[in-house]
Amino acid sequence: MVRGYLRWPRRAAVTACLALLLGPGAQAQSPTPGGMPPPPGMSLERSNAMRFPQPVEVGQLIGRTVLQPVESQNVLGHVHSVVRDDKGQVLVVMSFGGILGFGSRLIAVPVDAMVLLGDVMEVAAYTPPQLSHFATFDPAGTTPVPPETVVRVGLAKPSH
Amino acid sequence: MRSPHRPKDFAHTDALEVHRPLIRSLERRGLIRGGLSLGALTLLTGCDVKRPEAVETALLAISRLNDDVQALLFDPTHLAPTYPVSMILRPPKFNAYYDVMDVKPVNGASWKLELSGLIADKRPWTLSDLTAMPQRSMVIRHICVEGWDYIGGWTGVPLRDFLERVGADLRAKYVAFKTADDYPSSIDMATALHPQTLLALQYGGDPLADPFGFPMRLRMSTKLGYKNPKWVTAIEVTNTYPGGYWENLGFPWFAGI
């Protein structure tokens, strides 16, 4: 796919405005998808450590769109809040499921299972079917993480 | 009930075998090329559309023409919009031709910037040499050819100041870059001398993080994202077209915004 794209560069299409000749649009600079799940057996912590986790304030995560790391970048939900469970693990509480925003529920996903992608996030370690089996978030036994708290989240390149 | 759209007689079972050679001759890319060729034919008389490489050559020629037009339109003193520090996205968005897990961090202590070409003083530079130079900060929009963008805050040495310091021939055509991740790139001298072209050392007031090009990367406000190589290890000033990683694969070279 990329090889084909590279043979027909986008700027040729821009140039076409001069020459009245159309070319195909730009697609991706990334020949392979980002946000790949960790290899079988690898812990979320270790997988996240390989993704050069970067500091980000919790308050900057609230409201971010959460995508599925596939070329179509399906929207999985939005970040609702960030909490810490009784074991100290940081969890990202996100809306999930439903149709057009209706009927969604909150689930808590370990922050190490997620990645930053500019101003959005992706769930790298779980597929949507796996997420559908996550229990609905129950705040009992968790502690909200203040917005100014800095957590470290791994990176991914665009999946498109 | 039998559907009224269902044919009374089924297709011959050997139809697929009979037409298999024809089906094999159909290629999706062939259709695309054919579509392009239709447009090309109206303008490029004499172009043999039966040869895809001929169409490709024609398109690349037009892309080069587009580069020349962009270079003509480029105003070396016109500044791109800047933004308040509060709009800086932290951390910035990662992108490369490989996934982030394949990033190979560079050791800043042993890192050296090699110089070559039309430069009077070719002594290699260290990170401390660069940090000792006057720094400039800018908050600009990063625009990717893929269609996304973000606002980032960069601090570093204006490339113009650096080129003047090392005695580069500022009349040369190109400034080329080599990087630790084998991502060569090059820009025109006019853009190299633009006030918003930096050898960036910091992002958001902190040293560049490993995935974003530590210890030094190029950042320009006037070109698309793929023209900004990370982990720069060498700079060459030259009059010979140097190309670049994506440019050698067909991306436009000037890539102005």
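Protein chains in written order, with numbering that gives the first Met the number 0: chain F, 0 to 159; chain R, 0 to 256. Built from N, CA and C at the ideal position, the CB exists for glycine as well.
When CB distances to chain F are screened at a threshold of 9 Å, the residues of the region 82-106 of chain R falling below it are Leu88, Arg89, Pro90, Pro91, Lys92, Phe93, Asn94, Ala95, Tyr96, Tyr97, Asp98, Val99, Met100, Val102 and Pro104, in chain order. Taking 8 Å as the CB threshold, Pro210 of chain R lines the interface with chain F. Not flagged as an interface residue toward chain F: Glu163 of chain R, since no C-beta distance is shorter than 8 Å. Secondary structure remark: continuous beta strand (DSSP E) runs of at least 3 residues inside the region 178-206 of chain R, in chain order: 184-187 and 196-202.
Assignment of Pro241 of chain R by DSSP, reduced to helix, strand and coil, places it in the coil class.
Under the three-state reduction of DSSP output, Leu72 of chain R falls in the helix class. Secondary structure at Pro51 of chain R: helix, using DSSP grouped into helix, strand and coil. When Cβ-Cβ separations below 8 Å define contact, Trp230 of chain R makes no contact with chain F.
Boundaries of the beta strand (DSSP E) harbouring Ser115 of chain R: Glu113 to Gly116, taken from the DSSP string. Within the region 35-55 of chain F, those residues whose Cβ lies closer than 8 Å to any Cβ of chain R are, in chain order, Met35, Met49, Arg50, Phe51, Gln53, Pro54 and Val55.
Annotated as distal: Asp66 of chain R and Phe250 of chain R, with beta-carbon spacing of 8 Å or more. Comparing C-alpha distances from Thr237 of chain R to each of R:Val54, R:Lys172 and R:Arg19 shows the shortest one belongs to R:Lys172.
Ranked by Cα distance from Lys121 of chain R, the first of R:Thr178, R:Thr239 and R:Ala233 is R:Ala233. For Asp148 of chain R, the uninterrupted beta strand (DSSP E) run begins and ends at Asp148 to Pro157, by DSSP.
Contact with chain R is absent for Gln67 of chain F, since none of that chain's Cβ atoms lies less than 8 Å from the residue's Cβ. The Cβ-Cβ distance between Gly155 of chain R and Leu126 of chain R does not fall below 8 Å. Judged by beta-carbon spacing, Tyr244 of chain R lies beyond the 8 Å limit of Tyr97 of chain R, meaning their Cβ atoms are not closer than that value.
Contact residues of the region 145-161 of chain R toward chain F are Glu145, Gly146, Trp147 and Tyr149 (C-beta to C-beta distance below 8 Å). Residues of chain R whose Cβ lies closer than 7 Å to the Cβ of Leu115 of chain F are, in chain order, Pro90.
Lys226 of chain R carries a helical assignment under DSSP once its states are collapsed to helix, strand and coil. Rounded to whole angstroms, the separation of the alpha carbons of Leu207 of chain R and Arg63 of chain R is 34 Å. Under the Cβ distance rule, Gln72 of chain F does not count among the residues neighbouring chain R, no pair being separated by less than 8 Å. Chain R has no Cβ within less than 8 Å of the Cβ of Pro145 of chain F.
For His159 of chain F, the chain R residues whose C-beta falls within less than 8 Å of its own C-beta are Glu145, listed in chain order. When Cβ-Cβ separations below 8 Å define contact, Asp111 of chain F makes no contact with chain R. Taking a Cβ-Cβ threshold of 8 Å, the residues of chain R close to Gln59 of chain F are Arg89, in chain order. When the alpha-carbon of Arg216 of chain R is set against those of R:Ser115, R:Ile256, R:Pro241 and R:Trp110, the nearest one is in R:Trp110. For Ala155 of chain F, a Cβ of chain R is located within less than 8 Å of the residue's own Cβ. For the region 117-147 of chain F, the beta-carbon criterion of a distance under 7 Å to any beta-carbon of chain R is satisfied by Gly117 and Asp118. In this chain, Arg140 of chain R is not harboured by any alpha helix (DSSP H); it is covered by the beta strand (DSSP E) spanning Arg135 to Ile142. Closest option to Met113 of chain F, judged by alpha-carbon separation, among F:Tyr125, F:Gln72, F:Ser42 and F:Val57: F:Tyr125. By alpha-carbon distance to Ser85 of chain R, the top candidate from R:Arg159, R:Met137, R:Pro157 and R:Phe93 is R:Met137. The C-beta distance from Leu200 of chain R to Thr130 of chain R rounds to 6 Å, short enough to meet the 8 Å contact threshold. Between Gly62 of chain F and Val78 of chain F, the CB-CB gap stays under 8 Å. In this structure Pro75 of chain R touches Leu192 of chain R by the C-beta definition: roughly 6 Å separates them, less than 8 Å.
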